[in-house]
Structures are given as C-alpha cells and as structure tokens.
Amino acid sequence: MLRFLAAYLHSSVAQYILLLTAYQINFERERITLKDVRHLPFIHPDQHPNPKLAWQIVNDISKQTQKLEQKFGFLSQPNDPPDYDPLILEYFGLTNSQKERIIEAVQMIAPYLQPNSVLSLDTPLQRRPSGIQLNNYAKALHEEIHNWRQMRGGTGDIAVSVRVNSKAIHGPLGIVRVDPAIKNKIISGKVDTTIDDKAVDQLLQLLREGQLLPLKVQRNLHLATDIVIRMDETIYIIKPLLSRLWLRSEAYRDAERIVLSVLSAVERREVRQ
886 MLRFLAAYLH
896 SSVAQYILLL
906 TAYQINFERE
916 RITLKDVRHL
926 PFIHPDQHPN
936 PKLAWQIVND
946 ISKQTQKLEQ
956 KFGFLSQPND
966 PPDYDPLILE
976 YFGLTNSQKE
986 RIIEAVQMIA
996 PYLQPNSVLS
1006 LDTPLQRRPS
1016 GIQLNNYAKA
1026 LHEEIHNWRQ
1036 MRGGTGDIAV
1046 SVRVNSKAIH
1056 GPLGIVRVDP
1066 AIKNKIISGK
1076 VDTTIDDKAV
1086 DQLLQLLREG
1096 QLLPLKVQRN
1106 LHLATDIVIR
1116 MDETIYIIKP
1126 LLSRLWLRSE
1136 AYRDAERIVL
1146 SVLSAVERRE
1156 VRQ
C-alpha cells in the first residue's frame, strides 16, 4: 500500500487535482505541503466498489515500483510518465474523456504555467496544432455533443468537419463546421479534418455575404468575438490555429457553447410565438 500511495502522489491524477486546487496557478504551487496531500481524494481497496480489481492494481503497481527502484535507485524518478499512471487512472474509475482531460492538462498545460523567461512564453500551446490534435479535437467535439444529445433525450446524429489554412498563410484560421446528419443515417463518430485554403476562403466568403462575421473593420478585415455562428442548420466556430484553442478541453467547452446557443435560440423563438 505504501508503494501504491507513493506512485499515486507522483501520478497525473494527483498533479491534476493539485493544479485545479491552486489559488492562482500562474505562480502558486512552487511546493506542496502536507495539508495539500491530506486533501487528495483516496479510497482504500477494501472500501473500493471493486475490491478485487483495486487490490490487483495495488499489487501491479507495487511490482512496477520495485523494478524502477532497481533501475533508477530508491530516490530517483524517471523523466517520462511511468507505466503505472494508467493503472492509477483506472483505480479511480474514470471515464475515457476524464482520463484524456487529465493527461492533456498535465502533459500539455501544467509544464508551461510558470515561464521564467521571455523565451519561455513561446510554448507548444502557442504553435500550430498538428493534424492529430485537430482530429482529436473534432472527435471530442462530436462525442461531447452526442453526450449532450443523450442527456437531453434527443435523437439523430451530427457531422463535424474542420477546414484549416496551410502553413503558407499568415494568421491561419480553422473553421469548425457542425451539420445535422442525413436523416436515418448514423455517422458513428466520423469526423473530417482537411488543410484547404480554398475551402476556408469560400466559407469565410459565405459567412461574409450572410453578414454573419461580426465587427467589420474594413473591407477585408473582421474581428470575430468568441461566438457561435449559425447559418440555417449549420453551425460554425472560427478560431486561430493555436494549439491551446484546439485541445480536447476546448472541444468540451465548444460543445457546451453550441448546445447553449441552440437552446437560447429555441427559447427566444418560443417567447416570440
């Protein structure tokens, strides 16, 4: 049990909770106190909903930590995430989306919260997202909207596509498009992400002609606030190609914004009627 607890304190779960409970994450948490540790959630294997599985995970982690001690020494820790981290996530009975959010926050956000120089401000979060990241964002968005649909007793499915500018374009954008699926056709989580400057320009032109791009500054410049754009039965979100805006956590937030936008429009229509 002591080996398991030591692994837990070095796990992504513990880091994530300590990150969320920091008073101001930009400069706090330079050290962890015993009070912080005592507030971490924990359940003994005997009180676990599945004691057999819990004890199996404890035993597996104990064996892994012994191997790490033999390789790195008792006080040393490997730089890479240890193999037991997925077991810790499994121990707490987290869903796949919860696991993904924790790993994303710990690996992609937490290491860059306290920059110690101007050069440190240029983090991977400020750079162009990879194709894999864009695809993960689109899948997470589709899944989260699907969860909202189930929770509210809805039916049908949606199609999610993302069109982005190429690297040759200055100030590249990504356009998220959400459409209702064809009637009686289930898409089963299918998403589409494509690099296509022409498609991005055409979509922007379509929204421009429909006077849906807000805050027009001059002929070729619009300032888009953080809003959801709806045109007929299609919903658009336009965002700069910065990795921090294309995380899974942003997909969950965007899904909520889309749902609330649609519900708000329905309420306004009912009031008018």
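Going by the working numbering, the sequence shown wraps up at 1158, each residue one higher than the last. Cβ atoms here follow ideal geometry from the backbone N, Cα and C, with glycine treated the same way.
Checklist line | Alpha carbon of residue 1134 to alpha carbon of residue 955, nearest angstrom | finding: A straight line joining the alpha-carbon of residue 1134 with that of residue 955 spans about 38 Å.
Checklist line | Beta bridge counterpart(s) of residue 1044 as assigned by DSSP | finding: DSSP, once it has assigned bridges, lists 1064 as partnering residue 1044.
Check: Since residue 1059 sits in a beta bridge, which residues does DSSP pair it with?
Finding: Note: residue 1059 sits in a beta bridge opposite 1049 and 1124.
Next item on the list: With DSSP as the reference, label residue 1007 as helix, strand or coil.
Entry: DSSP, read as helix, strand or coil, puts residue 1007 in coil.
Next item on the list: Assign residue 936 to one of two classes, buried (16 or more other C-beta atoms within 10 Å of its C-beta) or exposed (fewer than that).
Entry: Its Cβ having fewer than 16 others within 10 Å, residue 936 is exposed.
Next item on the list: Please classify residue 885: does DSSP put it in a helix, a strand, or coil?
Entry: The structure shown does not extend to residue 885, since the chain spans only 886 to 1158, so no value can be given for it.
Next item on the list: Evaluate residue 906 with the Cβ neighbour count: other Cβ atoms within 10 Å of its Cβ, from every protein chain shown; 16 or more gives buried, anything less gives exposed.
Entry: Residue 906 is exposed by the Cβ-count criterion.
Checklist line | heavy atom of the ligand MG below 8 Å from residue 1094 C-beta | finding: The ligand MG is not among the ligands present in this structure, which contains no ligands whatsoever.
Check: Opposite residue 1115 in the DSSP bridges: which residues?
Finding: Residue pairing from DSSP places residue 1115 in a beta bridge opposite 1120.
Next item on the list: Would you list, in sequence order, the uninterrupted alpha helix (DSSP H) runs of no fewer than 4 residues that lie entirely inside the stretch 921–964?
Entry: Positions of the alpha helix (DSSP H) runs, each at least 4 residues long and wholly inside the stretch 921–964, are given as 936–957 in order along the chain.
Next item on the list: Could you check the C-alpha separation between residue 1004 and residue 887 for me, to the nearest Å?
Entry: Spanning the two alpha carbons is a distance of roughly 41 Å.
Check: Applying the criterion that 16 or more other CB atoms from any shown protein chain within 10 Å of the CB defines a buried residue, is residue 1014 buried or exposed?
Finding: Its Cβ being crowded by 16 or more others within 10 Å, residue 1014 is buried.
Margin query: Applying the 10 Å Cβ sphere with the 16-neighbour rule, what's the burial state of residue 1078?
Written below: Residue 1078 should be labelled buried.
Next item on the list: Measure the C-alpha to C-alpha separation of residue 1126 and residue 1008 and round it to an integer number of angstroms.
Entry: A direct Cα-Cα distance of roughly 14 Å separates residue 1126 from residue 1008.
Note to self: Quick check: the stretch 914–932 against the stretch 1019–1026, are at least 3 beta-carbon pairs closer than 8 Å?
What the structure shows: With a cut-off of 8 Å, the stretch 914–932 and the stretch 1019–1026 do not count as touching, because too few Cβ pairs lie within range.
Next item on the list: Note down, in chain order, each residue of its chain lying with its Cβ closer than 7 Å to the Cβ of residue 988, except the 5 sequence neighbours on either side.
Entry: The beta carbon of residue 988 lies closer than 7 Å to those of 897 in the same chain, with the five residues before and after it left out.
Next item on the list: Pick out whichever of 919, 902 and 971 has its Cα sitting closest to the Cα of residue 889.
Entry: Nearest option by C-alpha distance: 971.
Item checked: At least three beta-carbon pairs within less than 8 Å, the stretch 1077–1091 to the stretch 1142–1154 -> Not touching, per the Cβ criterion.
Check: Within the 9 Å Cβ cut-off, does residue 1021 reach chain C?
Finding: This model lacks chain C altogether; it includes just one protein chain.
Next item on the list: Confirm, please, whether the CB-CB distance from residue 1023 to residue 1140 is below 9 Å.
Entry: Contact flag unset, no.
Check: Skipping 5 residues on each side, what residues in its chain have a beta carbon closer than 6 Å to that of residue 901?
Finding: Contacts found: 987, 990 and 991.
Check: In or out: residue 1143 buried (at least 16 other Cβ within 10 Å) or exposed?
Finding: Around the CB of residue 1143, 16 or more other CB atoms lie within 10 Å, so the residue is classed as buried.
Checklist line | Delimiting residues of the alpha helix (DSSP H) encompassing residue 983 | finding: Counting along the chain, the alpha helix (DSSP H) containing residue 983 begins and ends at 981–989.
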